[in-house]
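Working notes, structure below.
Numbering (the working numbering), first residue to last: 400 to 641.
As structure tokens, then:
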């Protein structure tokens, strides 16, 4: 007797993705890929054509021993995907006007703080998300993130690079893992202070996870954080989006 149950496909794993759904998945967790997340903006037909062309370019690159044509093909895809005709409803944030606030002292005399939404934290601080967060878990949490109160991490100025971690689930963190200065340039600003380009790097610098409750961030957290920076004696803030 044949056991048909034994031959049934395993349904315990993640649901299979369509090509379009896979392209959309390049925004989160372990699938995040800044180089190719533009694929989400393509129609199904354009997406299929791009993938077919990409495979041909990869094959040619292997045969020719050169990736120049492959790189150009990807760059052309990025340009095509980000033109306004491909984006049906571009997001246009509405911010209230703010009065211009000029610097009151030369930069070489100013104390400058770093403030990043790139989810930076020290290795002795709680991470924003579990280290092994899967794509499926990240997607589920994205919807909850809009209800979450912003959580801040304090990064002392003398923190060594090797003690800094990045824990964002909505962008490709590989570049930041290679060089943390691309998202939190603590070392570069210590050098600027040493070279007297700025007066000093603030003793306390800050980061939070940008995937958060934006109204609460703007109405509650931001005013508190601004006052905190004033209390720290900070003259200027270098903002780094994540």
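Glycine is no exception: its CB is placed at the ideal position from the N, C-alpha and C atoms.
Sequence-distant residues of the same chain with beta carbon closer than 6 Å to residue i, five excluded per side
| i | result |
| --- | --- |
| residue 638 | 514 |
| residue 608 | 518 and 527 |
| residue 635 | 509 and 511 |
| residue 425 | 432, 435 and 436 |
Exposure label - residue i; buried when at least 16 CB within 10 Å
| i | result |
| --- | --- |
| residue 630 | exposed |
| residue 499 | exposed |
| residue 442 | exposed |
| residue 416 | exposed |
| residue 494 | exposed |
| residue 403 | Residue placement at residue 403 is flagged as unreliable, the pLDDT there being 48, under the threshold of 50; the coordinate-derived value follows with that caveat. Exposed. |
| residue 640 | exposed |
| residue 585 | buried |
| residue 605 | buried |
| residue 626 | exposed |
Opening and closing residue of the alpha helix (DSSP H) in which residue i lies
| i | result |
| --- | --- |
| residue 580 | Segment: none, residue 580 is in no alpha helix (DSSP H) and carries neither H nor E. |
| residue 481 | 467 to 481 |
| residue 448 | 443 to 463 |
| residue 622 | 621 to 630 |
Reduced DSSP category for residue i - H, G, I as helix; E, B as strand; rest coil
| i | result |
| --- | --- |
| residue 512 | strand |
| residue 440 | helix |
| residue 416 | coil |
| residue 613 | helix |
| residue 635 | strand |
| residue 426 | helix |
| residue 599 | strand |
Rounded distance between the beta-carbons of residue j and residue i, thought under 8 Å
| i | j | result |
| --- | --- | --- |
| residue 587 | residue 562 | Incorrect: roughly 16 Å between the Cβ atoms, too far for contact. |
| residue 628 | residue 549 | Wrong, their Cβ atoms sit about 15 Å apart, outside the cutoff. |
| residue 453 | residue 472 | 7 Å |
| residue 447 | residue 418 | 7 Å |
| residue 433 | residue 571 | 4 Å |
Residue i CB to nearest heavy atom of the ligand SAH below 7 Å
| i | result |
| --- | --- |
| residue 417 | In the structure shown, the ligand SAH is absent, as is every other ligand, since no ligand is present at all. |
CB contact check: residue i to chain C, cutoff 8 Å
| i | result |
| --- | --- |
| residue 464 | In the displayed structure, chain C is absent; only one protein chain is listed. |
Own chain partners of residue i with C-beta closer than 7 Å, once the 5 adjacent residues on each side are dropped
| i | result |
| --- | --- |
| residue 504 | 634 |
| residue 401 | Low confidence applies to residue 401: its pLDDT is 46, below 50, so where it sits in the model is not reliable enough to give any reading. |
| residue 558 | 521 and 585 |
Endpoints, the beta strand (DSSP E) within which residue i is located
| i | result |
| --- | --- |
| residue 491 | From DSSP, residue 491 is part of no beta strand (DSSP E); its letter is neither H nor E. |
| residue 554 | 551 to 555 |
| residue 521 | 519 to 521 |
| residue 563 | 563 to 565 |
Neighbourhood of residue i by C-beta distance below 8 Å, restricted to the same chain and skipping five residues each side
| i | result |
| --- | --- |
| residue 621 | none |
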